[in-house]
Amino acid sequence: MISPALATMTRVIASLTLVLLAAGWPGATLAQPGKQVKVSLDVRQSGTQTREGVRGSGRVTTERGGMRPSGRVGVESSERRVTQTSGLFTIVQDGGESTLVVASSVPYQQVTFYRDWLTRAGMLASSVQFRDVGTSLRVRATVLPDNQVRVRVTPSISWFSADGAGVIEATQAAMELVVRSGRPVRIGGAAATVHELTREILGVGRRQSTSETLLTLTATVLD
Numbered sequence: 004m005i006s007p008a009l010a011t012m013t014r015v016i017a018s019l020t021l022v023l024l025a026a027g028w029p030g031a032t033l034a035q036p037g038k039q040v041k042v043s044l045d046v047r048q049s050g051t052q053t054r055e056g057v058r059g060s061g062r063v064t065t066e067r068g069g070m071r072p073s074g075r076v077g078v079e080s081s082e083r084r085v086t087q088t089s090g091l092f093t094i095v096q097d098g099g100e101s102t103l104v105v106a107s108s109v110p111y112q113q114v115t116f117y118r119d120w121l122t123r124a125g126m127l128a129s130s131v132q133f134r135d136v137g138t139s140l141r142v143r144a145t146v147l148p149d150n151q152v153r154v155r156v157t158p159s160i161s162w163f164s165a166d167g168a169g170v171i172e173a174t175q176a177a178m179e180l181v182v183r184s185g186r187p188v189r190i191g192g193a194a195a196t197v198h199e200l201t202r203e204i205l206g207v208g209r210r211q212s213t214s215e216t217l218l219t220l221t222a223t224v225l226d
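Quick note on numbering: the sequence shown equals residues 4 to 226 in the numbering used here.
Written out as structure tokens, the structure reads:
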């Protein structure tokens, strides 16, 4: 049985603890959930599209054997600037990771590219023949002082074959950079180098397109 004096002391300690928590006493604050970061990858491609058409020309024979002009033959062409924009984003817990799934199943010609690249990198046995491939990007974000964020993006390949399946993270192709929260940063230039594997996953491999491409990354700390 608890004595009246001990019960009174217990109530006093509990009340004092609540007061200290409410006042923000050092070491007495409740644990706060970590911050979240929205990481966006945007791809903007622009190029020139040409359209050609043929206009008729020649002469027409009349019933009496005469000839009359009907016009000229020529080729008309026109060009226009075409811009396409696409984007992906994910929400990452501060200090944690998230996955950007780009494609659950890639076209056959790209399956060969990924298999050959992984084989050359020594990450896959040459005897493995892919039946299907999925692509994604592992994104890690860490909030830094002065409203900055460290972002690391790692290509990831999931594969299926007749004998099994697996997931390979190409850490040697990872990209890491420090950006200011909410400010888009061009990647693939002076700020950061985009590995050919990441470019292929994003659909901007050099062998696929000759258009001008702008890749930007934005990391925003959410309130």
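We put the beta carbon where it would ideally sit given N, CA and C, even for glycine.
This structure is a prediction, so every number in the text was calculated from the model and none was measured.
The beta strand (DSSP E) runs lying completely inside the segment 111–182 and spanning 3 residues or more are 133–147, 151–164 and 168–172, given in chain order. LEU180 and VAL131 have their C-alpha atoms spaced approximately 34 Å apart. In the three-state reduction of the DSSP assignment, ARG47 falls in the strand class. Bounds of the alpha helix (DSSP H) holding LEU200 are 199–204. In this structure, ARG47 sits away from THR93, with a CB-CB distance that is not shorter than 8 Å. Listed in chain order, the non-local C-beta contacts of ASP135 below 6 Å within the same chain comprise SER108 and PHE163, local neighbours out to five positions each way being set aside. Rounded to whole angstroms, the Cβ separation of GLY37 and ASP97 is 4 Å, and the two are in contact under 8 Å.
In the structure shown, the three-state DSSP call for SER184 is coil. Here THR223 really is in contact with GLY185; their C-beta atoms are around 5 Å apart, less than 8 Å. Within the same chain, and ignoring the five residues on either side of LEU127 in sequence, the residues whose Cβ sits closer than 6 Å to its Cβ are LEU121. DSSP places GLY37 in the coil class of the three-state scheme, outside both helix and strand. Secondary structure note for VAL109: it is in no beta strand (DSSP E), with a DSSP letter that is neither H nor E. Inter-residue distance for VAL95 and LEU140 is about 13 Å (C-alpha atoms, whole angstroms). Looking at the backbone, the Cα of SER49 and that of THR216 are separated by about 7 Å. Non-local C-beta neighbours of ALA106 in its own chain, meaning closer than 7 Å and more than five positions away in sequence, comprise GLY137 and THR138, ordered along the chain.
Its chain contains VAL105, THR138, LEU140 and PRO158 as the residues whose beta carbon lies nearer than 7 Å to that of ILE204, once the 5 sequence neighbours on both sides are disregarded; these appear in chain order. In this structure, DSSP gives GLY99 a state outside helix and strand, which the three-state scheme calls coil.
Judged by DSSP in its simplified three-state form, GLY90 adopts strand. Distance from VAL188 to LEU220 at the Cβ level is roughly 5 Å; contact confirmed, criterion being Cβ atoms closer than 8 Å. In this structure, VAL156 and VAL182 do not form a Cβ contact; the two beta carbons are roughly 12 Å apart against a cut-off of 8 Å. Closest in alpha carbon position to PHE133, among ALA165, GLY125 and GLU199, is ALA165.
With fewer than 16 other CB atoms across the displayed protein chains lying within 10 angstroms of its CB, TYR111 is exposed.
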